[in-house]
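Protein chains in written order, with this note's numbering: chain A, -16 to 174; chain B, -16 to 174.
Idealized CB from N, CA, C, for every residue including glycine.
Quantities reported herein were computed from a predicted structural model and do not represent experimental measurements.
Protein chains: 2
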Amino acid sequence: MTHMTKERLLESGLGMLLERGYNDLGMQALLEATGTPKGSFYHHFRSKEDFTLQVIDRYMAEVHRGLDHSLGNTSLPPVERVRLFFELSQEKYRQEGYLGCLLGGVGQELSGVNETFRRKIESCFTAIATRIAGCLEEAQQRGELPPEKDPRQMADLLVDCWEGAALRSRLRRDPGPLGTMLDFYFSAAIR
Amino acid sequence: MTHMTKERLLESGLGMLLERGYNDLGMQALLEATGTPKGSFYHHFRSKEDFTLQVIDRYMAEVHRGLDHSLGNTSLPPVERVRLFFELSQEKYRQEGYLGCLLGGVGQELSGVNETFRRKIESCFTAIATRIAGCLEEAQQRGELPPEKDPRQMADLLVDCWEGAALRSRLRRDPGPLGTMLDFYFSAAIR
DNA sequence: ACTTACCAATAGACCGGTCGGTCTGGAAGG
DNA sequence: CCTTCCAGACCGACCGGTCTATTGGTAAGT
């Protein structure tokens, strides 16, 4: 009962931030959409910035759950586990109407001005790439990835290109760019 | 003399939009930075949105000049012309302090809410990809690109991945992601 | 068991500041 | 004289955030 309000705010906030971005999302809109009085919001969050950072944490928790599920699936070859993660993400994007990735959105919007968010988002990408790199290392040991490739660099590259494809998918409101990008990467990286 | 004010606004506007994005850039800041009174601004532009669209046009004019220069350099093999364009862009990003690409920034920020900008930015990407696709077709005819690849799709892919790398470069304030992405694409795509 | 005390959580009026945009007035120049 | 452009006072709306008042539930005190 007690922290349901906070939960509701984070949940709706995630969707609204994805659609509208940080600066275009006003307190009034958020509060009305969730039926929350101002006092409640500022009881649970220090500021709009604090709130948004917590929304990002929530988003990252989802991402890590997805990574657990995909990369943890040891019945698949490591490279296929990585691919599975992005195919899962693509399906999530579809459900949201192809609005892209929250990290890419907030990162793009705020990283020019706000150092806190710049670092935060970069650390999120680093975290994702690190987990993927671990999986690619395993692939390399198994001989399923050419030994001259640097797993770390390949993982960052994959994340970066994915974010670009996600932006284009947001612009076009369709999954095309995501699929094309994955096909290219996995056929090219693996040889 | 007459349109120097407008010129000044567009010029500064480009830099400020790149750094701060659309919603975070207030009229006051723009006007103060350029020493322009409000009356002048609204004499030359219908609205902030109109202004921003013109800034984008200006940005695209630059891009097309870069494409003219790179893709028009027939002393190079077509694929090298394409690569040259992105290496030129990378150098431009460096001069700006690695703030990424205006199209990516504004596109990411506004495409969730504003249909005008969504279409506008998408049409810009399409225009760039179209010109690159033309060059890749020439490469294909020369046998410098595998015949089974679709030049159009390869061009879109390149633009998308570039935008992703540009975002990461903005987050890290360094060119690493851009270079890695280009190396990967051109070694993998051409084969 | 009943009262009391306390506190997390809700509720919204209210704040100064800034937003994008309008309007009127005048200067400059053909 | 008439248009183009500069100049800035002014507008209502909304911004993120503060403040005080009041809930409702629970734990302690007797």
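From this set, the options, which residue's C-alpha is nearest residue i's C-alpha?
| i | options | result |
| --- | --- | --- |
| Glu177 (chain A) | A:Pro20, A:Leu141, A:Leu119 | It is not possible to answer for residue 177 (chain A), since the shown part of chain A is limited to -16 through 174. |
| Tyr168 (chain B) | B:Ile104, B:Glu63, B:Arg102 | B:Glu63 |
| His52 (chain B) | B:Gln11, B:Leu161, B:Phe68, B:Arg155 | B:Phe68 |
| Glu15 (chain B) | B:His27, B:Phe108, B:Leu(-8), B:Leu1 | B:Leu(-8) |
| Leu82 (chain B) | B:Arg153, B:Leu8, B:Asp157 | B:Arg153 |
| Phe100 (chain A) | A:Gly162, A:Phe34, A:Gly117 | A:Phe34 |
| Arg151 (chain A) | B:Gly95, B:Met43, B:Gln124, B:Pro158 | B:Gly95 |
| Val46 (chain A) | A:Leu93, A:Gly18, A:Phe108, A:Thr57 | A:Phe108 |
| Gly117 (chain A) | A:Gln11, A:Gly159, A:Gly18, A:Leu50 | A:Leu50 |
Taking the alpha-carbon positions, what's the residue i to residue j distance?
| i | j | result |
| --- | --- | --- |
| Val65 (chain B) | Glu(-6) (chain B) | 27 Å |
| Ser72 (chain A) | Ala112 (chain A) | 15 Å |
| Pro60 (chain A) | Leu36 (chain A) | 35 Å |
| Gly22 (chain B) | Asn6 (chain B) | 21 Å |
| Met(-1) (chain A) | Arg29 (chain B) | 29 Å |
| Glu32 (chain B) | Val89 (chain B) | 11 Å |
| Gly(-4) (chain A) | Lys75 (chain A) | 17 Å |
| Tyr25 (chain A) | Lys(-11) (chain A) | 10 Å |
| Gln91 (chain A) | Arg3 (chain B) | 10 Å |
| Ser170 (chain B) | Pro134 (chain A) | 17 Å |
| Phe137 (chain A) | His(-14) (chain A) | Reading the sequence as shown, one finds Met at residue 137 (chain A) and not Phe. For Met137 (chain A) and His(-14) (chain A), the distance between alpha carbons rounds to 41 Å. |
| Leu13 (chain B) | Met164 (chain A) | 38 Å |
| Asp166 (chain B) | Asp143 (chain A) | 14 Å |
| Arg41 (chain B) | Ala149 (chain B) | 20 Å |
| Arg77 (chain A) | Gly55 (chain A) | 23 Å |
| Gly9 (chain A) | Thr57 (chain A) | 44 Å |
| Leu93 (chain B) | Arg125 (chain A) | 44 Å |
| Leu161 (chain A) | Met43 (chain A) | 20 Å |
| Gln123 (chain B) | Gly87 (chain A) | 34 Å |
| Lys103 (chain B) | His27 (chain B) | 21 Å |
| Thr19 (chain A) | Asp157 (chain B) | 42 Å |
| Ala110 (chain A) | Arg48 (chain A) | 13 Å |
| Thr17 (chain A) | Gln11 (chain B) | 32 Å |
| Gly159 (chain A) | Gly159 (chain B) | 27 Å |
Quick one: list the residues of chain A neighbouring residue i, beta-carbon separation under 7 Å, in chain order.
| i | result |
| --- | --- |
| Ser94 (chain B) | Arg153, Leu154 |
| Gly90 (chain B) | Leu150, Leu154 |
| Gly87 (chain B) | Gln91, Leu150 |
Mind listing the chain B neighbours of residue i? Cutoff is C-beta to C-beta under 9 Å, in chain order.
| i | result |
| --- | --- |
| Ala171 (chain A) | Phe167, Tyr168, Ser170, Ala171, Ala172, Arg174 |
| Arg66 (chain A) | By Cβ distance, chain B contributes nothing, its closest Cβ being about 16 Å from Arg66 (chain A), past 9 Å. |
| Leu82 (chain A) | Ser94, Gly95 |
Quick check: residue i and residue j, are their CB atoms within less than 8 Å of each other?
| i | j | result |
| --- | --- | --- |
| Leu85 (chain B) | Ile39 (chain B) | yes |
| Glu146 (chain A) | Gly147 (chain B) | yes |
| Leu128 (chain B) | Ile173 (chain B) | yes |
| Glu121 (chain B) | Arg155 (chain A) | no |
| Gln1 (chain A) | Glu79 (chain A) | Rather than Gln, the amino acid found at residue 1 (chain A) in this sequence is Leu. It is a contact, given that the beta carbons lie within the stated cut-off. |
What residues of chain A sit near residue i, judged by a beta carbon separation below 8 Å?
| i | result |
| --- | --- |
| Phe108 (chain B) | Arg151, Leu154 |
| Met164 (chain B) | Leu140, Asp143, Cys144 |
Residues of chain B with CB under 7 Å from residue i, in chain order?
| i | result |
| --- | --- |
| Glu105 (chain A) | Leu154, Arg155 |
| Pro158 (chain A) | Going along chain B, no residue has its Cβ under 7 Å from Pro158 (chain A), so there is no contact; the nearest lies around 13 Å. |
| Arg101 (chain A) | Leu154 |
(request) Scan the segment 144 to 155 of chain A for residues whose Cβ lies nearer than 7 Å to a Cβ of chain B and list them as they occur along the chain. (result) Going along the segment 144 to 155 of chain A in chain order, one finds Cys144, Trp145, Glu146, Gly147, Ala148, Leu150, Arg151, Arg153, Leu154, Arg155 with a Cβ nearer than 7 Å to chain B.
(request) Check each residue of the segment -12 to 12 of chain A: if its Cβ is closer than 9 Å to any Cβ of chain B, include it; give the result in chain order. (result) The segment -12 to 12 of chain A vs chain B, Cβ under 9 Å: Leu1, Glu2, Arg3, Gly4, Tyr5, Asn6, Asp7.
(message) Please list, in chain order, the residues of the segment 118 to 147 of chain B that have any C-beta partner in chain A closer than 9 Å.
(response) Against chain A - using a Cβ distance shorter than 9 Å - the residues of the segment 118 to 147 of chain B are Gln136, Met137, Asp139, Leu140, Val142, Asp143, Cys144, Trp145, Glu146, Gly147.
(message) At a CB distance below 7 Å, what residues from the segment 30 to 44 of chain B approach chain A? Give them in sequence order.
(response) For the segment 30 to 44 of chain B, the set of residues with a beta-carbon nearer than 7 Å to any beta-carbon of chain A is empty.
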